[in-house]
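Numbering (my numbering), first residue to last: 9 to 191.
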Amino acid sequence: MIRRGRFTEDQIIGVLREHEAGVKTAELCRKHGISDATFYNWKAKYGGMTVSEAARLLALEDENRRLKKLLAESMLDVSALKDLLRKTDLVCRVLRYGGEADGRPRRACRLIGVNRSAWQYEPLRGKDDAVRERMREIANERRCFGYRRLAILLKREGKGMNLKKVYRLYREERLTVRKRGGR
9 MIRRGRFTED QIIGVLREHE AGVKTAELCR KHGISDATFY NWKAKYGGMT
59 VSEAARLLAL EDENRRLKKL LAESMLDVSA LKDLLRKTDL VCRVLRYGGE
109 ADGRPRRACR LIGVNRSAWQ YEPLRGKDDA VRERMREIAN ERRCFGYRRL
159 AILLKREGKG MNLKKVYRLY REERLTVRKR GGR
């Protein structure tokens, strides 16, 4: 918000009316304790206005300032979203946006619809590497085994896990059951 001066709009218009009545500029400035430059700024801004018009002008200036701020924020959001559309990895998007412009990851997460806790989460990689390797070995030996059969074999080897997890790893490793040939 802009700093308000010592004088209200009513007082400023009163000073300008005194000047219109014939009082010299130097006397007015001395009487009210203002500089010539301030007086001429007031005259340029408020000259010929009534008190209600000055109040309306001030209200419009405040509204204009608020709208400019909203426009600037929305333009920042739009530019960030355009930048995000070009990227593929969601976490990279948030990291890129969080480092740019105003550097607010909270806002970046809100824009792309991600929880900040999900953004900050770092998954533990390498936990299932041994199981993945064994799944690949079994699948290469026996291409006709699907994920269910692999889950059973892994369980026999002591590496049992949830069937949904086996299916997820199976898909991530791009393992597929070999189709039978036509007869």
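Where is the CB? At the ideal position from N, CA and C, for every residue including glycine.
Residue i to residue j span [Cα, whole Å]
i, j, result
"G154", "L161", "11 Å"
"E181", "E81", "43 Å"
"D18", "G56", "13 Å"
"L78", "V31", "44 Å"
"V185", "A159", "14 Å"
"R179", "M83", "41 Å"
"E149", "Y129", "37 Å"
"I21", "Y54", "7 Å"
Backbone secondary structure at residue i - three-state DSSP
i, result
"P113", "helix"
"K90", "helix"
"N123", "coil"
"K76", "helix"
"V59", "helix"
"I42", "coil"
"E71", "helix"
N- and C-terminal bounds of the alpha helix (DSSP H) containing residue i
i, result
"V174", "L171 to E180"
"G22", "E17 to A29"
"V139", "D137 to E149"
"Y129", "Careful: Y129 lies outside any alpha helix (DSSP H) and carries neither H nor E."
"R186", "Here R186 belongs to no alpha helix (DSSP H), and DSSP marks it neither H nor E."
"K163", "Y155 to R164"
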